[in-house]
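If you count the sequence shown from 1, position 42 lands on 42 in UniProt numbering, and the numbers rise without skipping.
Just so it is clear, CB atoms sit at the ideal spot from N, CA and C, and this is done for glycine as well.
Since the structure is predicted, the reported quantities are computational estimates derived from the model, not experimental observations.
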Amino acid sequence: MTSELWALLWSAILCLALPVFYGSLYSRQIGQAGVIGNREGVPEPTGAAGRGLRAHRNLVENLLPFAIVVLVARAAGISNSMTVLGAWLFLGARVVHAASYIAGITGIRTLAWLVGAAGIVLIIVQIF
Numbered sequence: 001m002t003s004e005l006w007a008l009l010w011s012a013i014l015c016l017a018l019p020v021f022y023g024s025l026y027s028r029q030i031g032q033a034g035v036i037g038n039r040e041g042v043p044e045p046t047g048a049a050g051r052g053l054r055a056h057r058n059l060v061e062n063l064l065p066f067a068i069v070v071l072v073a074r075a076a077g078i079s080n081s082m083t084v085l086g087a088w089l090f091l092g093a094r095v096v097h098a099a100s101y102i103a104g105i106t107g108i109r110t111l112a113w114l115v116g117a118a119g120i121v122l123i124i125v126q127i128f
């Protein structure tokens, strides 16, 4: 498996792990009954739980384009130092983005998003 595919796999694992983290915080806010129910009429998550939810949504929005460019590069047989750098930049940036989003650190969060987007662009440039 290529390094880019490993970065994609770890990005998917991060995407699966975030709901577990913010879900546990949210269950403290609304109680177990609210979490296991149909969630109608429960309040929106606040604080770190709400930020975790938004970090997860943002990752989902960015994971699809990342996955597409990684898989297109793989299908085209393109794997070089720039695609590897782009893939690992994306993953590292998404970890920093999630952590800073949950912690409420806005400046770092925005910079991390930009670095992740740049990682995707690095891979796209290699495809063309």
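In whole angstroms, give me the CA-to-CA distance for I105 and W6. Working through the sequence shown from its first residue, we reach residue 105 at position 105. Working through the sequence shown from its first residue, we reach residue 6 at position 6. Rounded to whole angstroms, I105 to W6 spans 28 Å at the Cα level.
If you reduce the DSSP assignment to three classes, tell me which class N62 lands in. Counted from its first residue, the sequence shown places residue 62 at position 62. If DSSP states are grouped into helix, strand and coil, N62 belongs with the helices.
Tell me whether the beta-carbon of A98 lies closer than 8 Å to the beta-carbon of G119. Reading the sequence shown from its first residue, position 98 is the one you call residue 98. Reading the sequence shown from its first residue, position 119 is the one you call residue 119. For A98 and G119, no; Cβs fall outside 8 Å.
Inter-residue Cα distance where the pair is C15 and L122: Indexing the sequence shown from 1 puts residue 15 at position 15. Indexing the sequence shown from 1 puts residue 122 at position 122. The straight-line gap from Cα to Cα measures roughly 22 Å.
Taking Cβ to Cβ, would you say S3 is nearer than 8 Å to V84? Locating residue 3 in the sequence shown gives position 3, counting from the first residue. Locating residue 84 in the sequence shown gives position 84, counting from the first residue. Going by C-beta atoms, S3 is nearer than 8 Å to V84.
Considering only the beta carbon of each residue, do Y26 and V20 sit closer than 8 Å? Within the sequence shown, numbered from 1, the residue matching residue 26 stands at position 26. Within the sequence shown, numbered from 1, the residue matching residue 20 stands at position 20. With respect to the 8 Å criterion, Y26 and V20 are not classified as neighbours on the basis of their beta carbons.
I'd like to check one pair, G116 with N62: are the Cβ atoms closer than 8 Å? Residue mapping note: residue 62 aligns to position 62 of the sequence shown, counting from 1. Residue mapping note: residue 116 aligns to position 116 of the sequence shown, counting from 1. Yes, they are a contact pair.
What are the complete beta strand (DSSP E) segments, minimum 3 residues, inside the segment 13–57? none
Could you give the C-beta distance for G52 and I102, rounded to a whole number, given that I count them as a contact under 8 Å? For the purposes of this step, residue 52 is identified with residue 52 of the sequence shown, where counting begins at 1. For the purposes of this step, residue 102 is identified with residue 102 of the sequence shown, where counting begins at 1. With a beta-carbon spacing of about 5 Å, G52 and I102 fall inside the 8 Å limit used to define contacts.
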